[in-house]
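Chains Z and H supply the protein sequences, listed in that same order.
Using my numbering, you'd call the opening residue of the first sequence number 1 and step up by one each time.
Using my numbering, you'd call the opening residue of the second sequence number 1001 and step up by one each time.
Ideal Cβ placement from N, Cα and C applies to all residues, glycine included.
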Amino acid sequence: MSGPRLIAASAIEDVAFELTRQAAIVIPKDYSDGIKAMLETEENELSKFVLKAMVENWEAAETDRRAMCADTGLPRFYVKAGNEAMVEGGFVALEKALRRAVARATSEVPLRPNRVHPLSRADHNNNVGIRAPEIDYSFEPEADWLDLTTVHKGGLFGTDYRMLFPGDGLDGIKKFFLDVLVQFGRRGLACQPAIIGIGLGGSKDTAMTIGKQAACLRIVGDRNPDPKIAALEAELKALGNSIGMGPMGFVGTSMVVDCHIEVAHTHTGGMPMSVHAFCLSSRRAVARLRAGGKVEYRTDPAWFTSYHRREGVE
Amino acid sequence: MKEIRLKAPVQPEDLAKLEAGMVVYLDGVLYTGREGLYRRVLDEGLGPPVELAAVSNVNFHCSPAAAVRPDGSYQVGAVTATASFRFSKWMSRWFDVSGCRMIIGKGGMSEEDYRQHFVPNGAVYLTTVGYGTGALLGRGIKRVRSVHWLEELGIAQAMWIFEVEAFGPFLVDGDLKGNSLFEIENRKVNAKLTDAYAGLKEPALRRYGETTSRRDEVI
């Protein structure tokens, strides 16, 4: 069944394929502008050399239409559905379309088939498997569109979690933030300068989730609407860049291209915190699909809407 | 910064010119190999799929974003190294078996590894830049000469033999004197690390850990 108010499943697959290709090849402008600004202030010769090489690499990726990094990360999707949006075949059809798009993009872009079974290490060679690609949902009132965001985050280094306590206060937050940057910044294992996302509060899994989303779904230059959180974002960004460590762990001042903090109400006795680094190949791409087939591409996921961060009962 | 262009397979006199921190580009032939290859050859005792010494003495710790086309040819997109420190336990035996004299990878190994395994074998370590300049390195690959153990190890772990031109940039991390660029830089960073933490009190609950010194690396 299809109709004027339905978003076609075939359109979702085509858009998801295109997003997957875009994310792998084209660095988002906010991120490359952020790195170019760091090139202006970085004084260390080695660190400058690394940043210049990365800028040249992004240009080569776009010109040649090849992936910017061969570790093409773990493709996943964030779906924000307007409350009035209707998908042809329902959300099961949407999920099938996303899985098909990832399998096709893996051989056609090509992407590296990174996804393996955790124990047998068996590889389907298509980046599809158990809970892969991950699909997360969010909803938006009074809207009939579907926002589709893909993120391909690299996997191994740059993320950590810690249970702090209320008495640890801002010192505890700053200290753990520095710990993560220092431990994963050595030799550049976090592939910095990175967008650093911090999750504060919630239950433990929420702290991990919102921290990762803060890194991957907010753009360079964005600030949390809560002025106190925004001030802490700016303070931590400056703190990270004052460690004396830069790209590849060389001496430098280019560590944090931006810092984003997301919070969730948490247990009165605790202050869980997560830190995530979205690397020099910050792969994200976004499209808005509307009934009737209209598609608009962009790079800002606009995931954290005021509805998404709502605080009250209604 | 000093820049040099070398032919691969590499010659001992060329390797002697390399100093930690130099920029290197390569022309010639090299092969990829990581834990899949090391396990099969060194742990399981299978003979290498080709006579390595005849192919090249440059081993790239890499998994390409590549696909095998329906006609059997290969499409190589981006090429990026993987973190090398995980492979240090195999290095000495690998140099023996393969005649390898240059490792290219991500992030280097420890100065101790260089002094124990690399210097005695006349081998150097180059690191990729960034990481990773996958598109620039992809451009430098002119031809896939062959792929070995594709079925057994998969695309990411198979042994790819590449013909390359102006392949880089790389930075010399481990030179023949046993210097490590990363560790030289680490020492400079460590000297100022206390300042970054100045005035911050310890959290109430400590964590289990293998090190409590911030001067140590966690690799």
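query	result
CB contact check: residue 71(Z) to chain H, cutoff 8 Å	yes
Beta-carbon neighbours of residue 56(Z), restricted to chain H and to distances below 7 Å	1136
First through last residue of the alpha helix (DSSP H) which encompasses residue 316(Z)	Coverage of chain Z is limited to positions 1 through 314, which leaves residue 316(Z) absent and any answer about it impossible.
Under 7 Å from the C-beta of residue 1188(H): neighbouring residues of chain Z	251
Contacts of residue 1083(H) in chain Z (Cβ-Cβ under 9 Å)	156, 157, 187, 189
Alpha helix (DSSP H) segments (min. 4 residues) lying fully within the segment 1110-1179 of chain H	1134-1140, 1150-1157
Min CB distance residue 126(Z) to chain H below 8 Å	no
Cutoff 8 Å: residue 109(Z) Cβ touching any chain H Cβ	yes
Where residue 153(Z) sits in the DSSP three-state scheme	strand
Inter-residue spacing [alpha-carbon to alpha-carbon] between residue 269(Z) and residue 288(Z)	41 Å
Continuous alpha helix (DSSP H) assignments of at least 4 residues falling wholly in the segment 152-208 of chain Z	169-185
Contact list for residue 165(Z) against chain H, beta-carbon separation under 8 Å	1203, 1204, 1205
Selected residue, minimal CA-CA separation from residue 1221(H), among 48(Z), 304(Z), 103(Z), 112(Z)	Since the first and last residues shown for chain H are 1001 and 1219, residue 1221(H) lies out of range.
Any C-beta of chain Z under 8 Å from that of residue 1126(H)	no
Chain H residues whose Cβ lies nearer than 7 Å to that of residue 292(Z)	Here the premise fails: no neighbours, minimum Cβ distance about 34 Å.
Pair within 8 Å by beta-carbon distance, residue 164(Z) and residue 261(Z)	no
Chain-ordered neighbours of residue 1107(H) on chain Z, where CB pairs are closer than 9 Å	186, 187, 188, 189, 248, 249
Buried or exposed (CB count within 10 angstroms, at least 16 for buried), residue 130(Z)	exposed
Proximity below 8 Å, CB of residue 1061(H) to CB of residue 1084(H)	yes
Residue 85(Z) (DSSP reduced to helix, strand or coil)	coil
C-beta atoms of residue 151(Z) and residue 78(Z) nearer than 8 Å	yes
Closer than 9 Å at the beta carbon, the chain H residues around residue 49(Z)	1001, 1023, 1129, 1169, 1171
8 Å contact criterion, which residue 217(Z) and residue 301(Z) should meet: CB distance rounded	4 Å
Under 7 Å from the C-beta of residue 45(Z): neighbouring residues of chain H	1001
Rounded straight-line distance, which links the Cα of residue 1201(H) to that of residue 167(Z)	11 Å
Endpoints, the beta strand (DSSP E) within which residue 139(Z) is located	135-140
Between the CA atoms of residue 7(Z) and residue 294(Z) - distance to the nearest angstrom	9 Å
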